[in-house]
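In UniProt numbering, the protein residues as written are 1 to 309. For each residue, glycine too, the CB sits at the ideal point set by N, CA and C. In what follows, a single structure is set out as C-alpha cells and then discussed.
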Amino acid sequence: MNLQSELHKASLFQNLELLAGQVVEGFISGIHKSPFHGFSAEFAEHKIYNNGESTKHIDWKLYAKTDKLYTKRYEEETNLRCHMILDNSASMYYPEVGKLSLENLNKIGFGVLAIASLMNILKRQRDAVGLSVYSDQYNFYSSEKSSERHHQMLLAKLSEISQETKPAQQTETYTYLHQIAEKIKRRSLIVLFTDMFQSSGDDGQLFDALRHLKYNKHEVILFHIMDKETEYSFDFENTPKRFLDVETGNHIDLYADSVKEAYEKEVGSYFSELRLKCAQYKIKYVEVDVKDSFSLIMNTFMVERQKFM
1 MNLQSELHKA SLFQNLELLA GQVVEGFISG IHKSPFHGFS AEFAEHKIYN
51 NGESTKHIDW KLYAKTDKLY TKRYEEETNL RCHMILDNSA SMYYPEVGKL
101 SLENLNKIGF GVLAIASLMN ILKRQRDAVG LSVYSDQYNF YSSEKSSERH
151 HQMLLAKLSE ISQETKPAQQ TETYTYLHQI AEKIKRRSLI VLFTDMFQSS
201 GDDGQLFDAL RHLKYNKHEV ILFHIMDKET EYSFDFENTP KRFLDVETGN
251 HIDLYADSVK EAYEKEVGSY FSELRLKCAQ YKIKYVEVDV KDSFSLIMNT
301 FMVERQKFM
C-alpha cells in the first residue's frame with residue numbers, strides 16, 4: 001500500500017498526527033546545517049552546555065565522542081511551557097476549498113496543521129503544550145501538559161475543528177485574547193494563529209489585547225494567516241463580483257479594479273500599524289500565506305523557542 005497515496009484519499013485531518021509528523025520530517029530533511037538540536041532521541045536526554053551553567057550534569061562520555069559539551073536532561077523534566085491560540089471564526093474558513101489537503105488549505109486548515117506540527121516537535125522535546133480556541137466565544141481551553149493522553153486529546157480537538165462546516169460568524173478577538181491572557185499564569189511561549197479580523201471593536205482594543213498577552217513575562221509569536229493573493233493584494237478578475245463579509249453578512253457588488261488601489265492602501269496601512277505595535281510590545285510578528293510551506297512556521301518557532309530557553 002502506498003501510504004502517501006492513501007492519506008490523500010482520506011480526509012486530511014483524520015490522519016492529523018501522521019501528517020503533522022510528515023510536515024516536521026519534511027522540514028528537518030531540508031535543513032543541511034542546523035543550529036537547532038531537538039529532533040533526535042539523543043536530544044531527549046541532552047542539551048548544549050552554555051557558558052556559566054553548572055558543570056555538574058555535563059556528559060563527559062558524549063564530549064569524548066563529539067568534542068562538544070552537553071548537559072544531561074531528565075525524563076521528568078519539562079523544558080518549556082507553550083500555549084497555542086487558534087482563531088476559529090468564520091473568516092478563518094476563507095478561501096473556500098472543496099476538500100482540505102496539504103496542497104489545498106484554507107486559513108483554518110493551515111492553522112490546525114501548523115499547530116499539530118508544532119505539537120509534534122514539543123512532544124519530542126518533552127515540552128508542555130496547552131491550547132485555546134475562540135470564535136464568537138471562548139470555545140476551548142486546556143492548560144499546558146506534556147503527557148501522551150493530553151497530546152492525543154488536543155489532536156482530537158484540532159481534528160474536530162478542521163471538520164467543522166458551520167463556523168461561528170462573529171468574533172471579538174480582543175475580548176478573548178484578554179480572557180486567555182488571564183488564564184495563563186506561568187511564564188510560557190504563546191503562539192497565536194489568526195487572520196486579525198474581528199467584527200467589532202477598534203484597532204486600539206485589539207492592540208491592547210496583544211499587549212496583555214505579554215504580561216507575566218510571556219513571549220508571544222503572532223502568525224498572521226492570510227490568503228495573500230486576494231486578501232492582501234486584492235487580485236481578482238475585473239468582472240462584476242459580490243464581496244461578502246462572512247462575519248457580519250454585509251455585502252457589496254463592484255468591479256475589483258475600481259477599489260483595488262484604495263483597498264491595498266488601507267490594508268497596507270493596517271499591516272504597517274500592526275507590525276509597529278508588535279515591535280513596540282516585543283511580539284514576534286510573522287505574515288503567513290496559506291500557499292506557503294510550513295518551513296517559515298517551523299524556523300520561526302525554533303528560533304523563538306531557543307531564545308525563550
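Beta strand (DSSP E) segment containing residue i, residue limits
i      : result
LEU222 : 219-226
LYS99  : From DSSP, LYS99 is part of no beta strand (DSSP E); its letter is neither H nor E.
SER147 : Run containing SER147: none; DSSP gives neither H nor E here.
PHE301 : That residue, PHE301, is in no beta strand (DSSP E); its alpha helix (DSSP H) goes 295-308.
ALA128 : 128-134
GLU182 : No beta strand (DSSP E) contains GLU182, which is instead part of the alpha helix (DSSP H) from 173-183.
LYS47  : 46-48
TYR70  : 70-72
ASP292 : Segment: none, ASP292 is in no beta strand (DSSP E) and carries neither H nor E.
THR194 : 189-194
Environment of residue i [buried if 16+ CB atoms lie within 10 Å]
i      : result
VAL23  : buried
GLY111 : buried
PHE207 : buried
LEU222 : buried
ALA20  : buried
SER40  : Reliability of the predicted coordinates at SER40 is poor, the pLDDT of 37 falling under 50, and no value is obtained from them.
PHE243 : exposed
LEU113 : buried
PHE294 : buried
ASN106 : buried
SER258 : exposed
GLU75  : Note that GLU75 scores 44 on pLDDT, short of 50, meaning its location in the model is unreliable; the coordinates nonetheless yield the value given after this. By the neighbour-count rule (16 or more Cβ atoms within 10 Å), GLU75 is not buried but exposed.
TYR270 : exposed
ALA279 : exposed
ILE252 : exposed
ALA90  : buried
SER188 : buried
GLU42  : Only weak support is given to the placement of GLU42: the predicted model assigns it a pLDDT of 36, under 50, and the value that follows is read from those uncertain coordinates. The residue in question, GLU42, is exposed, as its Cβ has fewer than 16 Cβ neighbours within 10 Å.
SER162 : buried
LEU154 : buried
GLN125 : buried
THR55  : exposed
THR173 : buried
Residues near residue i in its chain [Cβ-Cβ closer than 8 Å; skip 5 each side]
i      : result
TYR215 : ALA181
GLU231 : TYR94, ASP195, VAL267
PHE234 : ALA256, VAL259, LYS260, TYR263, GLU264, VAL267
Sequence-distant residues of the same chain with beta carbon closer than 6 Å to residue i, five excluded per side
i      : result
LEU86  : GLY111, VAL133, PHE193
THR300 : VAL286
ILE190 : HIS83, LEU213, HIS218, VAL220
ASN139 : VAL133
GLU304 : ILE221, LYS284
ALA128 : THR78, ARG81, GLU144, LYS145, SER146
ILE297 : ALA114
ILE184 : HIS83
Beta-carbon separation (whole angstroms), residue i vs residue j, contact threshold 8 Å
i           : j      : result
MET119      : HIS83  : Incorrect: roughly 12 Å between the Cβ atoms, too far for contact.
LEU177      : ALA209 : 4 Å
ASN88       : SER117 : That pair is no contact at about 18 Å.
GLY130      : SER143 : 5 Å
TYR70       : ILE48  : 6 Å
SER159      : LEU16  : 5 Å
PHE308      : LEU122 : With 8 Å as the limit, PHE308 and LEU122 do not qualify as a contact, their Cβ atoms being about 12 Å apart.
GLU237      : ALA256 : 7 Å
LEU141      : ASP227 : Leu is not the amino acid found at residue 141; the sequence shown has Tyr there. Contact doesn't hold; Cβ gap of about 28 Å is too wide.
ASP203      : ILE225 : With a Cβ gap of about 18 Å, ASP203 and ILE225 do not count as contacting.
residue 317 : HIS46  : In the structure displayed, the chain extends from 1 to 309; residue 317 sits before or after that span and is not available.
THR171      : GLN205 : Incorrect: roughly 13 Å between the Cβ atoms, too far for contact.
For residue i, the first and last residue of its enclosing alpha helix (DSSP H)
i      : result
SER117 : 107-124
HIS57  : Premise fails: HIS57 is in no alpha helix (DSSP H) and is neither H nor E.
ARG81  : Not the alpha helix (DSSP H): ARG81 falls in the beta strand (DSSP E), residues 81-87.
PHE207 : 203-212
PHE271 : 256-281
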